[in-house]
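Chemist: Have a look at this one before I ask anything.
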Amino acid sequence: MGITVEGVSKSFGSFTALQPIELEARPGEFLALLGPSGSGKTTLLRIIAGLEQADTGRVLFDGEDVTGRPVTQRGVGFVFQHYALFKHMTVADNIAFGLTVRPRRLRPAKAEIERRVAELLELVQLKDLGRRYPAQLSGGQRQRVALARALAVEPRILLLDEPFGALDAKVRKELRRWLRELHDRMGLTSIFVTHDQEEALELADRVVVMDHGRIEQVAVPDAVYRAPASAFVFDFVGESNRLPVTVERGRARFGSALLDAGDAADGPGLLFFRPHDVEPALGGEGTLSATVTLARPRAGMTRVEAALDGLDAPLELDLPGEPPAVGERITVRPTRLQVFPDRR
Amino acid sequence: MPAAMRSARRSVIPGFGLSLGFTILYLSLIVLIPLSAVFVRTLAEPSAIVETALAPRALAAYRLSFGASALAAAVNAVFGLLIAWVLVRYDFPLKRIVSAMVDLPFALPTAVAGIALTALYSSNGWIGQFLAPLGLKLAYTPAGVVIALVFIGLPFVVRSVEPVLADLGRDVEEASASLGASRVTTFRRVVLPAIAPALLTGFALAFARGIGEYGSVIFIAGNMPYESEIAPLLIITQLEQYDYAGATAIACVMLVASFAMLLAINLLQIATRKRMQG
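What follows is the structure in structure tokens.
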């Protein structure tokens, strides 16, 4: 089921949570809303779910306007960051909840509900835990129960708010892979909110990067990483070095260094490059010279931190070969860089 | 570090022996010894039990005391929950003042409460004057007793339920709604079971307070024997007639009955709470 968001905005008092947003999730797509806290990603998700009302704009499911439809009628599965399980019910009762609250004429028979619950327990790999209470489960198990509960009502859309946020790294990774499989197998359209870029890049078909209530970029994970659309995206996704520069006729000046600025407009700019997009150089135009402050071996290369005159944060560089000594002067040439206008 | 581990195994929280010993001593001095004195005195003169404590007048007083307390606690359970809900879920101007008002029955001398309520509900009082033409007489009847006990018991329910309600995340209710449950269903199947233990605690406290309440009730009750006379008042009456055996015998019956009820409520609470903590 496709999801369309048209001109949706939202304010809480004087705080603008969302500027007018346009977004489209294609049927069967797995979208990630990625951004720092306060970027409006959760608000957008909650508006799509109907848990929050937009100030302006419309939400459409498969072209049908659902803006005025309350959450109880939208038929979306929603998974909460802290699971939101019903503590006084067994796992099986939690999963059955969505079916048992249906009006009598739509409610499946008791045996049918039990069959569905058993099926879902199997699906989330908690077959023997139906009689337990949520308090008796681990975090990862609880989140799977929450997922089974959301899936019990057979939604076509699954919305997940930081679904792995409260879990430790190992469980998170397992659950992530498993969720992706589930999404594909059940033919869902899913949107999940995360502030973890690794999660977004690994799991999603497309990543929606948000900041200050605006969408900065919507792209496939590779493009978000390789061709960030804005300074914010470059900074937020992946590791990067950031230099405040002055652009003049295609050249970016930082101190005495001159680097290629591509087609960036003249004026103050921000120059970015990734730690691994550098090569050792001898000097001259297009190079930076810095003093090594730290060198640690990393898989196949050396991570070097080097102080650059006029920059507070050290440069982070991945260099091949033997680690340089601390205090040594090194010169590198950024092989891929991007310059964005500095709006401040 | 085997030595350190051994001491850690003994107990992680220090001072168990001392604190338990103190707890038992304190409870004995404050609660157990005075109460057992009641029993000892009663057993010294067992005839008083039959003569006074099980006399029809006493039985009527028990019925009123326990009945009115239970009714008042039930009323408080409903409206106290409502007030707690409003205090937890909504922000509105003067919220702090409203919240402080809930505690007033705690702080007010009970006699003041009794006199104020009587003035309100008597047939020429602010509220009573409108009820009198309708044939409703609240002051000086058992209904007056219930009114006084509702006033006295309210904070117990509100303050017991409030933290649990605040702790019950909004997301749980949202989850219920996203699964298609109506507001009523969400309240009945999600909110109410979650706060049931706290609500029971509040009920039990309000109920217990009601049974023991004396000051506010005697002003509004009218204190007619067999009709609007509460058990604590009957005890005072016996004392005033120097019938100490009779007074302690009634006290004894009250104690046993109260203890049995509170124990039952406690067990019920444990049963409901246990499931949630796994």
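Protein sequences appear in the order of chains A and B.
At position 93 of the first sequence the residue is numbered 93 (the UniProt record's numbering), and the sequence of numbers has no breaks.
At position 178 of the second sequence the residue is numbered 178 (the UniProt record's numbering), and the sequence of numbers has no breaks.
Idealized CB from N, CA, C, for every residue including glycine.
#1: Quick check: is the beta carbon of A49(A) nearer than 8 Å to any beta carbon in chain B?
#2: Looking at chain A, which residues of the segment 179 to 192 of chain B have a Cβ within less than 8 Å of any of its Cβ atoms?
#3: Could you name the residues that DSSP lists as bridge partners for S11(A)?
#4: Hey, Y121(B) and G128(B): beta-carbon distance below 8 Å or not?
#5: Can you pull the chain A neighbours of V172(B), defined as C-beta to C-beta under 7 Å?
#6: Would you identify the three-state DSSP class for D309(A), choosing helix, strand or coil?
#7: Where does I211(B) sit, in a helix, a strand or coil, going by DSSP?
#8: What do you get for E285(A), buried or exposed, if any count of 16 or more other CB atoms within 10 angstroms of its CB means buried?
#9: Given that a residue counts as buried once 16 or more other Cβ atoms are within 10 Å of its Cβ, and exposed if not, what is Y140(B)?
#10: Verify the CB distance criterion: does G169(B) have a CB-CB separation below 8 Å to chain A?
#11: DSSP beta-bridge partners for S190(A)?
#12: Suppose you measure from the CA of D263(A) to the CA of D205(A); what does that come to, to the nearest Å?
#13: Which word fits E239(A), buried or exposed, when buried means at least 16 other C-beta atoms lie within 10 angstroms of its C-beta?
#14: Rounded to a whole number of angstroms, what is the C-alpha to C-alpha distance between E29(A) and L179(A)?
#15: So G2(A) and M210(A) are supposed to be a Cβ contact under 8 Å. How far apart are they, rounded?
#16: Of the residues E202(A), R74(A), G269(A), which one's Cα is nearest the Cα of K173(A)?
#17: For the pair the segment 317 to 329 of chain A and the segment 254 to 262 of chain A, tell me if three or more CB-CB distances fall below 8 Å.
#18: Suppose the cutoff is 6 Å on Cβ atoms and the five residues either side in sequence are ignored; what does the same chain contact list for L188(A) look like?
#19: So, F192(A) versus P155(A), is the Cβ gap smaller than 8 Å?
#20: Would you say F12(A) lies against chain B (beta-carbon separation less than 8 Å)?
#21: Is it right to say L32(B) is buried, meaning 16 or more other beta carbons lie within 10 angstroms of its own, or is it exposed?
#22: Could you tell me whether the Cβ atoms of L337(A) and F273(A) are closer together than 8 Å?
#23: Given a cut-off of 8 Å, decide if D318(A) and P275(A) are closer than it, judged by their beta-carbon atoms.
#24: Please return the same chain residues whose Cβ sits closer than 6 Å to the Cβ of V171(A), not counting the five positions on each side in sequence.
#25: Just the C-alpha distance for T72(A) and T185(B), rounded to the nearest angstrom, thanks.
#26: Which residues of chain E have a Cβ atom closer than 7 Å to the Cβ of A260(B), listed in chain order?
#27: Just to make sure I have the definition right: I need the residues of chain B whose C-beta is within less than 7 Å of the C-beta of G98(A). Which are they?
#28: Where does the unbroken beta strand (DSSP E) through L288(A) begin, and where does it stop?
#29: Do you know how far the Cα of F97(A) is from the Cα of F66(B)?
#30: To the nearest angstrom, how far is the alpha carbon of L60(A) from that of T4(A)?
#31: Who are the near neighbours of T201(B) in its chain, counting only those whose CB is closer than 6 Å to its CB and skipping five residues on each side?
#32: Determine whether the Cβ of R26(A) lies closer than 8 Å to any Cβ atom of chain B.
#33: Assign K127(A) to buried or exposed, taking buried as 16 or more other Cβ atoms, counted over all protein chains shown, within 10 Å of its Cβ.
#34: Contact criterion: CB-CB distance below 8 Å. Does T287(A) meet it with respect to chain B?
#35: When the Cα atoms are used, what is the spatial distance from L31(A) to V66(A)?
#36: Going by alpha carbons, who is nearest to L106(A) out of A271(B), G180(B), I30(B), I265(B)?
Modeler: Looking at the coordinates:
#1: yes
#2: So the list reads L179, G180, A181, S182, T185, R189, V190, given in the order they occur along the chain.
#3: T16(A)
#4: It is a contact, given that the beta carbons lie within the stated cut-off.
#5: The answer, in chain order, is A84, F86.
#6: coil
#7: helix
#8: With fewer than 16 Cβ atoms within 10 Å of its Cβ, E285(A) is classed as exposed.
#9: Under this definition Y140(B) is a buried residue.
#10: Cβ-Cβ to chain A under 8 Å: yes for G169(B).
#11: According to DSSP, which records beta bridges pairwise, S190(A) is partnered with F30(A), L158(A).
#12: 30 Å
#13: By the 16-neighbour rule on beta-carbons within 10 angstroms, E239(A) is exposed.
#14: 13 Å
#15: With a Cβ gap of about 20 Å, G2(A) and M210(A) do not count as contacting.
#16: E202(A)
#17: Contact fails: fewer than three Cβ-Cβ distances are below 8 Å.
#18: L158
#19: No, these two residues do not count as a Cβ contact at 8 Å.
#20: No, F12(A) does not count as interfacial toward chain B.
#21: Exposed: under 16 other Cβ atoms inside 10 Å.
#22: yes
#23: yes
#24: Sequence-distant partners of V171(A) (beyond 5 residues in either direction) whose C-beta falls short of 6 Å from its own C-beta, in its chain, are G140.
#25: For T72(A) and T185(B), the distance between alpha carbons rounds to 11 Å.
#26: Considering every chain present, this structure includes no chain E. Its protein chains are A and B.
#27: At a C-beta separation below 7 Å, G98(A) has these neighbours in chain B: L179, G180.
#28: Here the beta strand (DSSP E) through L288(A) covers 288 to 298.
#29: 39 Å
#30: 5 Å
#31: S160
#32: no
#33: exposed
#34: No - not a single Cβ of chain B is within 8 Å of the one on T287(A).
#35: 20 Å
#36: G180(B)
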